[in-house]
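S.K.:
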Amino acid sequence: MTTYTNISAGLKKTQEKYPYKRAVVYPAGRDKKGRVLYSQMTFTQLETESDRLAFGLERIGIIRGTRTILMVPPGMEFFITIFAMFKVGAVPVVVDPGMGIDRMLQCLEQGKPKAFIGIEKAHLLRKLKPGFFKTVKHWVTVGKRWFWGGYTLDQLMIHTNDPYTKALTTRDETAAIVFTTGSTGPAKGVIYTHGNFEAQIKQIQEHFQIDPDEIDLPTFPLFALFDPILGMTAVIPDMDPTKPALANPVKIIEAIENHGVTNMFASPALLNRMGLFGKKNNIKLPSLRRVVSAGAPVTPANIEQFSSMLSDHAQIHTPYGATEAVPVISIGSNEILAETKILSEQGYGMCIGRPICDTQVKLIKISDDPITQLHDKLKVPENQVGEIIVKADLVTQHYFDNREADLLSKIPDSDGKIWHRMGDLAWMDSKGRIWFCGRKSHRVITLDETLFTIPVEAIFNNHENVFRSALAGAGPRNMQTPVIFIEPYSKIKDKKAFINELLVLAESNPLTANIHHVFIEKDFPVDIRHNSKIFREKLAVKAKKRLNL
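Here the numbering used here is used: the first residue of the sequence shown is -11, the next is one more, and so on.
Here it is in structure tokens:
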């Protein structure tokens, strides 16, 4: 029997329960006294306006299965547009603009889109680089249309109060194609089905116990997508979402206090920036019930710092996952600060918690080769480092038009179910907790041992003037020379003395005793999306040059 599901049905359910609750709140400027002015939309308005746009999209041929580039920043139009697309069964093709124009264009072309919905700047890019959009037949401008033709969003808003009949999409039908940033390898189009989204929302709701009265501050745009379905008001922050490390803490705190925000997503970089500001200025944020931080490892020191702003009943949660599967593992700040922090600082790895809800997690032998079928011989024993693989209804099954990526990242089991290889390394303790040790591709293999990034870096991070460190390998695989890069908190006056201190620190621990090269960097190269993932591959190239290998 065919099971029908459409992610947009969640909005209708929320609208029926809370018709006049605010769905979206957007900063629209300031009055003469400097107070923020907000534009807002209720769940009824969002349901009605997305229905009207759905009629318009269908009229011009954006229908079920139409792959459609969506380049609209967070705000009213973003929510109206994406829910209208889900209602007609169109497939949003989502690319992070922060990955850089050239890579973004390659991803958009790879998605083989038939339609394009975007703001004026996005259409200008289309006209400047027409070769990447040869498959597109329908153009919609959000805002003022200039010389590029097509329709405007306003023209497609059919003025009717009739409800739109949603497409009867199935659980296995493609709902969206979301491209990875490529921060840990080539960017790939991840196929999300309506069933994946449904399971993802269920898992978030059950694990984080989100209540009907909640108000969210989603500093990462894609996470805002789920707010209307979860019944949360989405307060759009006044910040550039592609540069969270440069966000103004005053504006973020202002939004939290103005609306009594209860839930907040923050990348580790934003968490650190806000935590520093809050601790220095003795800021308290009593309305927050939970803070969710993900996108890169969140250090216990970062968590401890931000926690100074929270009430006793609030926690910072650090869910683990990837574009292909999120969230799958999680832990709260209470357990981190009480139990795992001290072990992480000693080089045990970063404890990321236990599997969430019905997620199944296994650790298998480290391999860079495809695995054709899962079997017991691949499992590693307790306390041994292996690669994380996961299985759950929210785990995506395929990449778009990328057979090679499927072979490398997906493993069928004996029942025909698909496990996803996370590409991350970890070990499991006797309590069933997973301890993250770094990316598989970042491990350093010398003639004598294999070094994992997170445990090694933790030893150097204990130095009072080390903001963060990064392990890299120079030279040929299996014969690499381990090198540690250091990003200090403050300018180093005596570089030689500082490096000697770090080498003495390295000698004191068996994890780092064989590291004899230390390089100082003002700023590490990091990913655009979260400003937190370190591009160790770029540092490895630097190390090779400096060591003349």
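Heads up, the beta-carbon is just placed ideally off N, CA and C, and yes, glycines get one too.
In three-state DSSP terms, what is Gly320?
M.R.: Within the sequence shown, residue 320 is the residue found at index 332, counting from 1. Of the three classes helix, strand and coil, the one that applies to Gly320 here is strand, per DSSP.
S.K.: Do Cys345 and Gln191 have their beta-carbon atoms positioned less than 8 Å apart in this structure?
M.R.: The count along the sequence shown starts at 1 and reaches residue 191 at position 203. The count along the sequence shown starts at 1 and reaches residue 345 at position 357. The answer is yes: Cβ separation under 8 Å.
S.K.: Quick test of the definition: if touching needs 3 or more C-beta pairs under 8 Å, does the region 388 to 401 touch the region 418 to 434?
M.R.: no
S.K.: For Asn466, I'd like the list of residues in its chain whose CB is within less than 6 Å of its CB, leaving aside the five on either flank, ordered along the chain.
M.R.: Stepping through the sequence shown from its first residue, residue 466 is reached at position 478. These residues qualify, in order along the chain: Ile433.
S.K.: For Pro101 and Ile57, what's the separation of their Cα atoms in angstroms?
M.R.: Residue mapping note: residue 101 aligns to position 113 of the sequence shown, counting from 1. Residue mapping note: residue 57 aligns to position 69 of the sequence shown, counting from 1. So the two alpha carbons sit approximately 6 Å from each other.
S.K.: Can you give the Cα-Cα distance for Glu556 and Gln334, rounded to whole angstroms?
M.R.: Residue 556 lies beyond the range of the chain shown here (-11 to 537); nothing can be said about it.
S.K.: How far does the alpha helix (DSSP H) with Thr32 in it extend, from its first residue to its last?
M.R.: As a working note, residue 32 is residue 44 in the sequence shown. 31 to 48 is the span of the alpha helix (DSSP H), which, as asked, contains Thr32.
S.K.: Provide the residue span of the alpha helix (DSSP H) that contains Gly(-2), from first to last.
M.R.: Here residue -2 refers to the residue found at position 10 of the sequence shown. First-last of the alpha helix (DSSP H) with Gly(-2): -3 to 5.
S.K.: Under 8 Å, do Ile376 and Met410 count as touching if we go by C-beta distance?
M.R.: Stepping through the sequence shown from its first residue, residue 376 is reached at position 388. Stepping through the sequence shown from its first residue, residue 410 is reached at position 422. The answer is yes: Cβ separation under 8 Å.
S.K.: When DSSP builds the beta bridges, which residues end up paired with Glu375?
M.R.: Position 387 of the sequence shown, counting from 1, holds the residue named residue 375. Answer is Ile352, Leu413.
S.K.: Using a Cβ-Cβ cutoff of less than 7 Å, which residues in the same chain neighbour Thr(-9) once the five nearest sequence positions on both sides are dropped?
M.R.: Residue -9 sits at position 3 when you count from the first residue of the sequence shown. When the five nearest sequence neighbours on each side are left out, the beta carbons in the same chain lying within less than 7 Å of the beta carbon of Thr(-9) are those of Thr158, Arg159, in order along the chain.
S.K.: Using DSSP bridges, identify the partner residues of Glu475.
M.R.: Taking the first residue of the sequence shown as 1, we reach residue 475 at position 487. The partner list for Glu475 (beta bridge, DSSP) reads Arg456.
S.K.: Expressed to the nearest angstrom, what Euclidean distance is found between the alpha-carbon atoms of Asp228 and Asp436?
M.R.: Looking up residue 228 in the sequence shown gives position 240. Looking up residue 436 in the sequence shown gives position 448. Each residue's Cα considered, the two are about 45 Å apart.
S.K.: Taking just the CA atoms, how far does Asp515 sit from Gln143?
M.R.: What you label residue 143 is simply residue 155 of the sequence shown in a count that begins at 1. What you label residue 515 is simply residue 527 of the sequence shown in a count that begins at 1. Taking the straight line from one Cα to the other gives about 37 Å.
S.K.: Tell me which residues share the same chain as Thr311 and place their Cβ nearer than 7 Å to its Cβ, disregarding the 5 neighbours each side in the sequence.
M.R.: On the sequence shown, position 323 is the one that residue 311 refers to. Here the set comprises Val166, Thr168, Val178.
S.K.: For Pro80, which three-state DSSP category applies?
M.R.: Residue 80 sits at position 92 when you count from the first residue of the sequence shown. Strand at Pro80.
S.K.: On the DSSP letters alone, give me the boundaries of the alpha helix (DSSP H) that Lys532 sits inside.
M.R.: If you number the sequence shown from 1, residue 532 lands on position 544. Run containing Lys532: 524 to 534, per the alpha helix (DSSP H) assignment.
S.K.: DSSP three-state label for Leu205, please.
M.R.: The sequence position of residue 205 within the sequence shown is 217, counting from 1. Strand at Leu205.
S.K.: Tell me whether Pro470 sits in a helix, a strand or coil according to DSSP, three-state version.
M.R.: Locating residue 470 in the sequence shown gives position 482, counting from the first residue. In the structure shown, Pro470 sits in a strand (DSSP, three-state: E or B).
S.K.: Mapping the DSSP letters down to three states, classify Asn502 as helix, strand or coil.
M.R.: Taking the first residue of the sequence shown as position 1, residue 502 is located at position 514. Asn502 falls in the coil class under three-state DSSP.
S.K.: With a cut-off of 8 Å on the beta carbons, I'd call Val83 and Arg52 a contact; round off their distance for me.
M.R.: What you label residue 83 is simply residue 95 of the sequence shown in a count that begins at 1. What you label residue 52 is simply residue 64 of the sequence shown in a count that begins at 1. 22 Å between Cβ atoms; not a contact.
S.K.: Quick one: measure Cβ to Cβ for Phe71 and Leu(-1), integer angstroms, because I've assumed they're closer than 8 Å.
M.R.: Here residue 71 refers to the residue found at position 83 when the sequence shown is read from its first residue. Here residue -1 refers to the residue found at position 11 when the sequence shown is read from its first residue. Correct: roughly 6 Å between the Cβ atoms.
S.K.: Could you work out which residue in Ile(-5), Asn290, Val454 is closest to Ala155 when comparing CA atoms only?
M.R.: Against the sequence shown, residue 155 aligns to sequence position 167. The residue with the shortest Cα to Cα distance from Ala155 is Ile(-5).
S.K.: Could you check what DSSP says for Lys398 in three-state terms: helix, strand or coil?
M.R.: Residue 398 sits at position 410 when you count from the first residue of the sequence shown. Note: Lys398 maps to strand in three-state DSSP.
S.K.: Between Ser295, Val249, Gly283, which lies nearest to Lys268 when the distance is taken from Cα to Cα?
M.R.: Here the question's residue 268 lines up with position 280 in the sequence shown. Of the listed residues, the one whose Cα sits closest to Lys268 is Ser295.
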